[in-house]
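Following: one structure in structure tokens, then a few remarks.
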Amino acid sequence: MTDRIVLSGVSGTGFHGVFDHEKRNGQIFVVDVAIDADLAAAGRSDDLSKTVNYGEIGAVVHERIEGEPFDLIERLASVIAQDVLAGHRLVDEVTVTVHKPQAPVGVPFADVTVSVARRRDPVPVVIALGANLGDAQGALMSAVASIMDLAGVAAVQVSDVVETDPVGGPDQPVYLNQVVTATTWWSAPRLLASLHRIEAEHGRVREIRWGARTLDLDLIQYGTPGMESEWRSESEDLMLPHPRAHERGFVLVPWLDVDPDARLRVGEQVVAVADRLDAVETSGVRPLAEERTDCGCGAGGCGS
Numbered sequence: 000m001t002d003r004i005v006l007s008g009v010s011g012t013g014f015h016g017v018f019d020h021e022k023r024n025g026q027i028f029v030v031d032v033a034i035d036a037d038l039a040a041a042g043r044s045d046d047l048s049k050t051v052n053y054g055e056i057g058a059v060v061h062e063r064i065e066g067e068p069f070d071l072i073e074r075l076a077s078v079i080a081q082d083v084l085a086g087h088r089l090v091d092e093v094t095v096t097v098h099k100p101q102a103p104v105g106v107p108f109a110d111v112t113v114s115v116a117r118r119r120d121p122v123p124v125v126i127a128l129g130a131n132l133g134d135a136q137g138a139l140m141s142a143v144a145s146i147m148d149l150a151g152v153a154a155v156q157v158s159d160v161v162e163t164d165p166v167g168g169p170d171q172p173v174y175l176n177q178v179v180t181a182t183t184w185w186s187a188p189r190l191l192a193s194l195h196r197i198e199a200e201h202g203r204v205r206e207i208r209w210g211a212r213t214l215d216l217d218l219i220q221y222g223t224p225g226m227e228s229e230w231r232s233e234s235e236d237l238m239l240p241h242p243r244a245h246e247r248g249f250v251l252v253p254w255l256d257v258d259p260d261a262r263l264r265v266g267e268q269v270v271a272v273a274d275r276l277d278a279v280e281t282s283g284v285r286p287l288a289e290e291r292t293d294c295g296c297g298a299g300g301c302g303s
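In numbering that gives the first Met the number 0, the protein residues as written are 0 to 303.
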């Protein structure tokens, strides 16, 4: 179920309408705003920066009511919805209802309302997958299917699977890695929370850093680097773009496979993944062996 904030009954005197007397004399307008957003982080942290400030929303709504006049309340509702989405990145979807209780209807009536629902324009995202315990290949296939089933995700493209020698951490089986590109209208925190849920459904337990795992899903990039849609964050619970993706051959190789024109941020520069790949060690990354045991030890098995 989507988290929701509802701000009801924001009122003011506006001059919206098609008749001259409406633009001259003005009348009362009342606006309700319902915001769909992921509020889990705010609930955990009690931190205002992790939620949508409804005081700011109210100020935007009131300014629009009493500001530039429009002929139609349909237009007023649409502009308010656009303002909310543009000014608050955590908002996934917004429903705006404009009441015009003094409208010149010509018959006795209680109210007239117009409601519009708008969602964020979809943006490109990059997700890296990895697994090296149990049926790793099956885990990747299942995870891709789960990503495709997410209501806020579309246009999913999937790379070939590669085998990767473990780097750092305790001795462990080889990894299988893959990259998914997609579009989403969800915020980055909401998408990341959904990826963590998919990990948990596959038995992922976050204990040892760089340790073996049944499934690892990393949100590598959200939006287009260098463009307004790019989400950059250095908070503890959301690092974007992924701070080490540009160093990892097991991310860059399958990423280039699924998107030959891919670009990523490295510090304050935006570079082609193909160019970055030339500077990264990739000798431990190879195409998936045709035959493979479920233990993750490769085609030769654990005794090889």
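C-beta atoms are modelled at their ideal positions from N, C-alpha and C, and glycine is treated no differently.
Discussion item. So for Ser186, helix, strand or coil by DSSP?
Written reply: In the sequence shown, residue 186 corresponds to position 187, counting from 1. DSSP places Ser186 in coil when its eight states are reduced to three.
Worksheet item: Roughly how many whole angstroms lie between the Cα atoms of Leu287 and Leu128?
Response: Position 288 of the sequence shown, counting from 1, holds the residue named residue 287. Position 129 of the sequence shown, counting from 1, holds the residue named residue 128. Going from the Cα of Leu287 to the Cα of Leu128 covers about 14 angstroms.
Practice prompt. Can you check the stretch 32-80 for any alpha helix (DSSP H) of at least 4 residues that lies completely inside it and give the ranges in chain order?
Written response: 39-44, 53-64
Worksheet item: Does the beta-carbon of Asp37 have 16 or more other beta-carbons within 10 angstroms, so that it is buried, or is it exposed?
Response: In the sequence shown, counting from the first residue as 1, residue 37 sits at position 38. Label assigned to Asp37: buried.
Worksheet item: Between Gln101, Leu216, Lys49, which lies nearest to Phe18 when the distance is taken from Cα to Cα?
Response: Taking the sequence shown and counting its residues from 1, one reaches residue 18 at position 19. For the residues Gln101, Leu216, Lys49, the minimum Cα distance to Phe18 belongs to Gln101.
Worksheet entry | Every unbroken beta strand (DSSP E) inside the stretch 128-160 [3 residues or more] | Counting whole runs of 3 or more residues, the stretch 128-160 contains the beta strand (DSSP E) stretches 152-157.
Item to complete: Just the C-alpha distance for Thr182 and Gln220, rounded to the nearest angstrom, thanks.
Response: Indexing the sequence shown from 1 puts residue 182 at position 183. Indexing the sequence shown from 1 puts residue 220 at position 221. So the two alpha carbons sit approximately 11 angstroms from each other.
Discussion item. Suppose the cutoff is 6 angstroms on Cβ atoms and the five residues either side in sequence are ignored; what does the same chain contact list for His201 look like?
Written reply: As a first step, residue 201 is located in the sequence shown; it is residue number 202 there, counting from the start. Closer than 6 angstroms at Cβ, skipping near neighbours: Ala138, Thr213, Leu214.
Discussion item. Considering only their Cβ atoms, is the gap separating Leu255 from Val272 smaller than 7 angstroms?
Written reply: As a position in the sequence shown, residue 272 is number 273, starting the count at 1. As a position in the sequence shown, residue 255 is number 256, starting the count at 1. Yes, these two residues count as a Cβ contact at 7 angstroms.
Worksheet item: Just the Cα atoms here: how many angstroms apart are Ala268 and Gly25?
Response: Position 269 of the sequence shown, counting from 1, holds the residue named residue 268. Position 26 of the sequence shown, counting from 1, holds the residue named residue 25. The sequence shown places Gln at residue 268, rather than the Ala named in the question. Approximately 51 angstroms between the Cα atoms of the pair.
Worksheet entry | Reference Met226, options Arg243, Ser193, Arg264, Asp217, closest by Cα | Stepping through the sequence shown from its first residue, residue 226 is reached at position 227. Considering only alpha carbons, the answer is Arg264.
Practice prompt. Using beta-carbon positions only, say whether Val257 and Ser158 come within less than 7 angstroms of one another.
Written response: The sequence position of residue 257 within the sequence shown is 258, counting from 1. The sequence position of residue 158 within the sequence shown is 159, counting from 1. Contact: yes.
Worksheet entry | C-alpha distance - Pro253 paired with Ala278, whole-angstrom precision | On the sequence shown, position 254 is the one that residue 253 refers to. On the sequence shown, position 279 is the one that residue 278 refers to. When rounded, the distance between both Cα atoms is 16 angstroms.
Worksheet item: Three-state secondary structure (DSSP) at His245?
Response: By one-based count along the sequence shown, residue 245 stands at place 246. In the structure shown, His245 sits in a helix (DSSP, three-state: H, G or I).
Worksheet item: How about Pro224 and Arg275: are their beta carbons less than 7 angstroms apart?
Response: Numbered from 1 along the sequence shown, position 225 holds the residue referred to as residue 224. Numbered from 1 along the sequence shown, position 276 holds the residue referred to as residue 275. In this structure, Arg275 does not lie closer than 7 angstroms to Pro224 by Cβ.
Worksheet entry | Where the beta strand (DSSP E) containing Ala271 begins and where it ends | Taking the sequence shown and counting its residues from 1, the one referred to as residue 271 is at position 272. It spans 268-271 - the beta strand (DSSP E) in which Ala271 sits, taken as one unbroken run.
Worksheet item: By how many angstroms is the C-alpha of Gln171 removed from the C-alpha of Ser193?
Response: As a first step, residue 193 must be located in the sequence shown, where it is residue number 194. As a first step, residue 171 must be located in the sequence shown, where it is residue number 172. If you take the alpha carbons of Ser193 and Gln171, they lie about 27 angstroms apart.
Item to complete: May I ask which residues mark the beginning and end of the beta strand (DSSP E) holding Arg23?
Response: One-based indexing of the sequence shown puts residue 23 at position 24. Not the beta strand (DSSP E): Arg23 falls in the alpha helix (DSSP H), residues 19-24.
Worksheet item: Mind checking Ile126: buried by the 16 CB within 10 Å criterion, or exposed?
Response: Start at 1 with the first residue of the sequence shown, and residue 126 comes out as number 127. The residue is buried, with at least 16 neighbouring Cβ atoms inside 10 Å.
Item to complete: In angstroms with no decimal places, state the Cα-to-Cα distance between Gly331 and Leu6.
Response: Look at the range of the chain in this structure, 0 to 303, and you will see that residue 331 is not part of it.
Worksheet item: How many whole angstroms separate the CB atoms of Arg79 and Val60, which I take to be in contact at a CB cut-off of 8 angstroms?
Response: In the sequence shown, the residue the question calls residue 79 occupies position 80. In the sequence shown, the residue the question calls residue 60 occupies position 61. Going by the sequence as given, residue 79 is Ile instead of Arg. Contact holds; Cβ gap of about 6 angstroms.
Worksheet item: Counting pairs of Cβ atoms below 8 angstroms between the stretch 83-92 and the stretch 61-71, do you hit three or more?
Response: no
Worksheet item: By a C-beta neighbour count over all protein chains shown, 10 Å radius and 16 as the cutoff for buried, is Ser186 buried or exposed?
Response: Along the sequence shown, one-based indexing puts residue 186 at 187. The residue is buried, with at least 16 neighbouring Cβ atoms inside 10 Å.
Worksheet item: Apart from the five residues on each side of it in sequence, which residues of its chain come closer than 6 angstroms, Cβ to Cβ, to Val30?
Response: Locating residue 30 in the sequence shown gives position 31, counting from the first residue. These residues qualify, in order along the chain: Val9, Val60, Val97.
Item to complete: Quick one: residues in its chain with C-beta nearer than 8 angstroms to the C-beta of Phe12, no 5 flanking neighbours on either side, listed in chain order?
Response: Along the sequence shown, one-based indexing puts residue 12 at 13. The residue asked about is misnamed: residue 12 is Thr in this sequence, not Phe. Result list for Thr12: Gly25, Gln26, Ile27, Phe28, Ile64, Glu65, in chain order.
Practice prompt. Give me the Cα-Cα distance between Leu309 and Met140, rounded to the nearest whole angstrom.
Written response: Nothing can be reported for residue 309: it is not among the residues displayed for the chain, which extend from 0 to 303.
Worksheet item: Can you list, in chain order, the residues of its chain whose CB lies under 7 angstroms from that of Ala40, leaving out five sequence neighbours each side?
Response: Residue 40 sits at position 41 when you count from the first residue of the sequence shown. Closer than 7 angstroms at Cβ, skipping near neighbours: Lys49, Pro188, Asp236.
Worksheet item: Do you know offhand how far Glu246's Cα is from Val284's?
Response: In the sequence shown, residue 246 corresponds to position 247, counting from 1. In the sequence shown, residue 284 corresponds to position 285, counting from 1. Those two C-alpha atoms are separated by around 13 angstroms.
Discussion item. Using the Cβ count rule (16 or more neighbours within 10 Å means buried), how would you classify Leu71?
Written reply: By 1-based counting over the sequence shown, the position of residue 71 is 72. That one is exposed.
Worksheet entry | Cβ-based burial, Ala142 [other Cβ within 10 Å; buried from 16] | Locating residue 142 in the sequence shown gives position 143, where the first residue counts as 1. Label assigned to Ala142: buried.
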